[in-house]
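Have a look at the structure below, then the notes.
In UniProt numbering, the protein residues as written are 1 to 181.
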């Protein structure tokens, strides 16, 4: 079994990376092969809107996106994490999400094998966990379009290093996903 974590925080030691790292460590302790991909450190260019991908199996651009998609295709479980900056995911994750357009054909059928499990992790400083729910719900729809089975989401608040309950809640979501793989 393989589980990957995709994070998109410009803060390498920030809340999102901390949570996803702990989730992957827990999965690895139970025998899963794990990999953490930091989208903020990769070269992923914006979608050109050229529609090359509608008549070809891949995006026309040659950057790190192709290697991330290869990892997704080989994974059983995917954790996608982002801080919430100004009401939404980071720009680094939005670039990646937009490029997922190349993973559906002209009939909007996914090119990613069906049945993969996905969990979302968001971190924010706003104490109301539901404050940005309407903005973040669209990513559940993207996952559905790609054929992913959404296991759930966890929105952490505040400094996770100072609050072990936040880490435990994220790990509980990973365990839920692990148990369904």
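Positions of the beta carbon are idealized from the N, C-alpha and C atoms, including for glycine.
Note that this is a predicted model, so its numbers are computed, not measured.
Member of the options whose CA lies at the smallest distance from the CA of residue i
i, options, result
"residue 121", "41, 90 and 109", "90"
"residue 76", "8, 142, 12 and 33", "33"
"residue 83", "2, 180, 143 and 159", "159"
"residue 132", "148, 85, 147 and 100", "85"
"residue 39", "63, 53, 52 and 29", "63"
"residue 12", "165, 70 and 37", "37"
"residue 69", "54, 110 and 88", "110"
"residue 148", "116, 163, 170 and 125", "116"
"residue 106", "87, 50 and 164", "50"
Cβ-Cβ separation, residue j to residue i (assumed contact under 8 Å), whole Å
i, j, result
"residue 154", "residue 173", "5 Å"
"residue 157", "residue 113", "In fact, because the Cβ distance is near 35 Å, the residues do not count as touching under 8 Å."
"residue 100", "residue 142", "6 Å"
"residue 79", "residue 3", "7 Å"
"residue 71", "residue 35", "6 Å"
Exposure label - residue i; buried when at least 16 CB within 10 Å
i, result
"residue 134", "exposed"
"residue 57", "exposed"
"residue 61", "buried"
"residue 108", "exposed"
"residue 139", "buried"
"residue 22", "buried"
"residue 130", "exposed"
"residue 26", "buried"
Residues near residue i by beta carbon distance below 6 Å, same chain, minus five either side
i, result
"residue 18", "160"
Same chain, Cβ closer than 7 Å to residue i, neighbours up to 5 away in sequence not counted
i, result
"residue 95", "44 and 46"
"residue 152", "119, 173 and 176"
"residue 93", "8, 39 and 82"
Residue i at chain D interface by Cβ criterion, 9 Å
i, result
"residue 11", "Included in the structure is just one protein chain, with no chain D present."
Cβ-based neighbour list, residue i, same chain, cut-off 8 Å, excluding 5 preceding and 5 following
i, result
"residue 81", "5, 6, 7, 8, 9, 16, 17, 19, 20, 120, 121, 122 and 123"
"residue 88", "94, 132, 135 and 136"
- Ranges of the beta strand (DSSP E) found wholly within the segment 48–87, counting only runs of at least 3: 77–83
- Item | Uninterrupted beta strand (DSSP E) stretches inside the segment 122–180 (no shorter than 3 residues) | The DSSP assignment places complete beta strand (DSSP E) segments of no fewer than 3 residues inside the segment 122–180 at 149–157, in order along the chain.
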